[in-house]
Structures are given as C-alpha cells and as structure tokens.
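Heads up, the thing below is written out as structure tokens.
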Amino acid sequence: MPKALLEIRRHFLNRYIDSRFTAMPVQEVFSTIYNQNLWGDGEAGHYSGPGSHSPDIIGPYIEAIQEFAGPSKGQLSALDVGCGDFNVGSQIAPLFASYIGCDVVKSVVETNRERYESEFLVIDATKDKTPSADVIFIREVLQHLSNADISKVIRNLGEWKYLIVTESHYSGIHFEPNLDITTGPFARRSGKQSGVVLHEHPFNLDYGRCEIICEVPSNSASKNLVTYLYTRA
Ligand SMILES: C[S@@+](CC[C@H](N)C(=O)[O-])C[C@H]1O[C@@H](n2cnc3c(N)ncnc32)[C@H](O)[C@@H]1O
C-alpha cells in the first residue's frame, strides 16, 4: 500500500481507538489496555509493552539507574508510580533501601504482589496523593496521559529529592513538547512530533537541576526514550 494511504489509514485507526477511550475513567482505560493486550502480545492481562521488556531499551536504563544509585545513594527510599508489570522495577528495586510500586490497575498490582517481594499499592495518581520517597520514578506513564491528567499527577506527587521521568520523544528536528492527547494506549509520539517535558509549558515543574541520564532509540522509528533526572532545589 502507498505510504500516503498507510498514513491516512493509521490516522483514522488512531482516531477510532482514541474515541473508545474518551471520557473513560483512567482506571478503566488502563484495565482495558491490559485486558485486551493493546501494548503487545506478552502475557495476557499483565504485559506493559516492549518498552518494559526489550533488552536494548531497558538495559541502558537499568545501567543508568545503577550509576545514579551508586554506593552513596543505596540507602534511599524509592516509589515507582505506574510500575506496570514490574519487569523493570524488579531489576532496580534491589538498589534501594525500600521500593514501593504503585499502579492504577488492581489486577496488575495483585499479580505483582504474588510474584515480587516489594510493596505494591493501588493508586490512581490523577486522584490519589502518592507516598513521599527520596526518589520517585515515573517511567513511560505520562506519555499516555492527557495534559490535564499529567497536571493532576504532578500535584498529587508526594515529596521527593530526585524525580526520574522516562518519556518517549519524537527524535526529529521539529520537536514540539507537550502536545495534548487523549488518555489512552498511544503515547504522545503517535502521529505527533512531540513528547512530555515536565519543565516546559504548561507543566513548568519546579526543580533545582535537570539532566538527561539515558537516551535510547525506542522500538518505533523516529522515537527515543529519554530519561530525565530532576533534583530538588
Ligand atoms: C507503559 S506502562 C509502564 C510500566 C512501567 N513503568 C515500566 O516502565 O515498565 C504504564 C503504566 O502506568 C500505569 N498508569 C497509568 N496512569 C496511571 C495513574 N494515573 N496512576 C497510576 N498508574 C498509572 C498503567 O496502568 C501502566 O501500568
């Protein structure tokens, strides 16, 4: 099929999928994504997608967190907001003195409790205040949320010293941060040359220092997975 036709087909398919999720509560959106395996063909009902499993993607991220945690920071408490199937969290949790995973999908949290020793909480971060921790991780979560929902999550975060945020970004030259989407299975990158940048408008996160500690090509063309480390002022 010619590329232009493929683009048109993708556009209408995306619009159809978006329309299914418009006005759904966040908990229902992500439960549906898991129940219907919309992030891929992993284990039914408990698969957070290739970004949570592909060794080329998660390997450099885990190394970056190992470097961050290092010998001096090994006593820090950590909170993982939107921990998903915990394939990534389980590999970095041993670097911290304590590690709590939380997710909006109850069945995902229940399965994690059966499989892993960390503590898990059912939390909808657009509604519930999260616990405080020295380090808060939010990995590949905000990219699926509308700007209104992201603003709620930022307001609901407990206290942190370090905030580590991983987001899928369009990697071409015409990058425009924070273009809005409907909360759902697609990341901002889908059909848009964008990605979430918390220190840019309209979020304007308050922080002391910001650095990119990991950047790897994601599983789709023209997209990178970028990890920001924010340090409190
Ligand atoms: C793509 S998965 C990423 C999972 C994990 N962070 C990782 O990197 O492997 C996104 C996760 O965020 C969760 N999530 C989305 N919105 C949330 C919210 N408002 N509160 C808590 N978890 C949320 C979803 O249920 C899903 O498990």
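Going from the sequence shown to my numbering is simple: count from 1 and add 1251. Glycine included, every Cβ here is placed at the ideal spot set by N, Cα and C.
- Annotation for E1370: S1349, Y1350, I1351, G1352 place their beta carbon closer than 8 Å to its own, counting only its chain and skipping 5 residues before and after.
- S1303 and I1309 have their C-alpha atoms roughly 7 Å apart.
- In the displayed model, P1322 falls within coil according to three-state DSSP, outside both helix and strand.
- C-alpha of N1407 to C-alpha of P1428: approximately 22 Å in a straight line.
- Secondary structure of Y1350 (DSSP, three-state): strand.
- The Cβ atoms of E1418 and V1386 do not sit closer than 7 Å to each other.
- Your pair D1336 and V1355 does not check out as a contact, with CB atoms roughly 13 Å apart and the cut at 8 Å.
- Within the chosen limit of 6 Å, ligand 1 does not reach the beta carbon of E1466 with any heavy atom.
- Restricting attention to beta strand (DSSP E) runs no shorter than 3 residues, the stretch 1259-1333 encloses them at 1328-1332, ordered along the chain.
- Distances taken from the Cβ of R1390 to the heavy atoms of ligand 1 include one shorter than 6 Å.
- Judged by DSSP in its simplified three-state form, V1392 adopts coil rather than helix or strand.
- In the displayed model, N1455 falls within coil according to three-state DSSP, outside both helix and strand.
- Here E1462 is not near L1449, since their CB atoms are 7 Å or more apart.
- Sequence-distant partners of K1403 (beyond 5 residues in either direction) whose C-beta falls short of 8 Å from its own C-beta, in its chain, are A1376, T1377, K1378.
- The beta-carbon separation of G1435 and V1280, rounded to 6 Å, stays under the 8 Å limit for a contact.
- Within a 10 Å sphere around the beta-carbon of D1307 sit fewer than 16 other beta-carbons, which makes this residue exposed.
- Taken atom to atom, the span from the alpha-carbon of E1365 to that of P1345 is near 18 Å.
- Rounded to whole angstroms, the separation of the alpha carbons of V1277 and A1399 is 12 Å.
- The beta carbon of E1410 sits closer than 6 Å to those of S1383, all from its chain and outside the five residues before and after it, given in chain order.
- Contact between K1412 and L1430 fails: their C-beta atoms lie close to 30 Å from each other, not under 8 Å.
- Remark: the shortest separation between the CB of F1281 and any heavy atom of ligand 1 falls under 6 Å.
- DSSP, read as helix, strand or coil, puts P1345 in helix.
- If the five residues before and after R1483 are omitted, its C-beta is found closer than 6 Å to the C-beta atoms of K1412, G1459, all from its own chain and listed in chain order.
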